[in-house]
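Taking this note's numbering, I'd label the letters of the sequence shown as residues 3 to 282.
Data first, discussion second: the structure below is written as structure tokens.
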Amino acid sequence: MGRVLAVLIWLITLLTVILFVSKRWWFPENVSEHGVGIDRQFTITLLVVAFAFVLAQIGLGYVVWRYRSVAADKERATYSHGNNRLEVIWTGITAAIFIGLAIMGQRVWASMYFQDAPPGSFEVRVVAQQFQWNFHYPGKDNAFGRTDPKLINDGNQNFVGLDEGDEHSKDDIVAPTLVVPVNKPVRLLLRARDVTHSLWIPNLRFKQDAVPGLEIPMHFTATKEGFYEIACAELCGQLHYKMGAKMLVISQAEHQALMQMSQNDFQKKRDEYLERYGGK
């Protein structure tokens with residue numbers, strides 16, 4: 003029985019390695035500039051952890067094989083209190099490896115959180131609520147209208163509290179779809195109306211909480227046209243699972259033309275783009 007268990011341990015280890023190497027279960031396609039660094043760091047971390055995992059499972063299988071019950075009379079395993087020097091050495095090596103990996107990973111993280119979006123970035127205000135995403139665009143005058151939480155009225159579809167009396171509000175667009183230009187920096191300002199939500203766009207390697215009472219800036223650059231899924235990654239209530247949206251990445255010329263349209267024309271053109279990319 004000991005040999006069977008040892009072989010089973012080794013087979014499970016081999017199948018696990020094959021599963022990851024074949025990438026049958028892997029990340030969706032990356033379509034952002036910073037995603038390259040995130041994927042690289044993840045791969046390095048995975049290789050380091052995989053090396054330790056494989057060695058541990060090979061050693062476990064060897065011990066199970068060698069000290070199986072049939073061979074117990076010939077050679078018995080003995081208990082050891084350990085060796086303090088060896089424990090300090092391998093603990094130090096492990097700490098150095100994982101601290102090093104953490105420091106390497108901070109470079110990509112810092113570029114997103116410690117550096118503001120480049121000048122000239124396209125800005126979108128994101129307002130999360132139970133259970134939908136609202137993306138607020140400045141319209142053709144490229145200036146956001148005044149908003150006030152007291153003016154929020156879901157019945158009139160005023161989800162972000164736009165002040166209709168403000169001159170800049172008249173051409174603003176509010177939609178449940180994030181539409182951004184390809185190869186141009188995008189700056190998001192995240193807010194939440196009720197509870198904590200989390201804007202998650204897997205293809206961008208992007209996830210950021212939206213917290214009530216805070217305005218959280220984030221930025222990214224999408225590198226490929228198409229439509230991509232958006233989800234809420236923070237449990238926000240009974241219908242959390244329905245809180246999804248879509249992101250459209252289109253050419254800069256198409257995007258500029260879209261921002262000149264009225265709310266109704268924007269929605270019609272957005273549907274055309276979604277149909278083009280198979281996302282309607």
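By construction, the Cβ of each residue, glycine as well, lies at the ideal position given by its N, Cα and C atoms.
Using DSSP bridges, identify the partner residues of residue i.
i: residue 257; result: Residue 257 is not bridged to any residue.
i: residue 183; result: 252
i: residue 34; result: 224
Look at residue i and residue j and say whether their C-beta atoms are less than 8 Å apart.
i: residue 197; j: residue 224; result: no
i: residue 114; j: residue 199; result: no
i: residue 19; j: residue 56; result: yes
i: residue 1; j: residue 53; result: Because the chain spans 3 through 282 in this model, residue 1 falls outside it and cannot be assessed.
i: residue 236; j: residue 273; result: no
i: residue 61; j: residue 8; result: no
i: residue 133; j: residue 241; result: yes
i: residue 32; j: residue 23; result: no
i: residue 227; j: residue 253; result: yes
i: residue 92; j: residue 5; result: no
i: residue 192; j: residue 201; result: yes
i: residue 136; j: residue 183; result: no
i: residue 30; j: residue 266; result: no
Alpha carbon to alpha carbon, how far is residue j from residue i? Give it in angstroms, no decimals.
i: residue 187; j: residue 220; result: 11 Å
i: residue 124; j: residue 50; result: 38 Å
i: residue 160; j: residue 166; result: 10 Å
i: residue 126; j: residue 10; result: 53 Å
i: residue 229; j: residue 248; result: 7 Å
i: residue 243; j: residue 234; result: 8 Å
i: residue 88; j: residue 116; result: 40 Å
i: residue 143; j: residue 15; result: 59 Å
i: residue 86; j: residue 108; result: 33 Å
i: residue 213; j: residue 106; result: 28 Å
i: residue 40; j: residue 185; result: 18 Å
i: residue 169; j: residue 131; result: 26 Å
i: residue 209; j: residue 203; result: 6 Å
i: residue 262; j: residue 47; result: 45 Å
i: residue 59; j: residue 280; result: 44 Å
i: residue 84; j: residue 94; result: 16 Å
i: residue 231; j: residue 104; result: 29 Å
i: residue 122; j: residue 189; result: 10 Å
i: residue 215; j: residue 97; result: 38 Å
i: residue 80; j: residue 43; result: 41 Å
i: residue 138; j: residue 275; result: 19 Å
Kindly give me the distance between the Cβ atoms of residue i and residue j, rounded to whole angstroms, as I take these residues to be in contact under 8 Å.
i: residue 153; j: residue 164; result: 7 Å
i: residue 149; j: residue 162; result: 5 Å
i: residue 21; j: residue 27; result: 6 Å
i: residue 141; j: residue 173; result: 3 Å
i: residue 34; j: residue 222; result: 5 Å
Check whether the Cβ of residue i lies closer than 7 Å to any heavy atom of the ligand GTP, and answer yes or no.
i: residue 263; result: With respect to small molecules bound, the structure shown includes none, and the ligand GTP cannot be examined in it.
* Asked: Which runs of the beta strand (DSSP E), 3 residues or longer, sit entirely within the region 110-179?
  -> 124-131, 134-139, 175-177
* To do: Tell me the start and end of each unbroken beta strand (DSSP E) in the region 185-261 that is at least 3 residues and wholly inside, in chain order.
  => 187-194, 199-203, 208-212, 218-223, 228-234, 246-252
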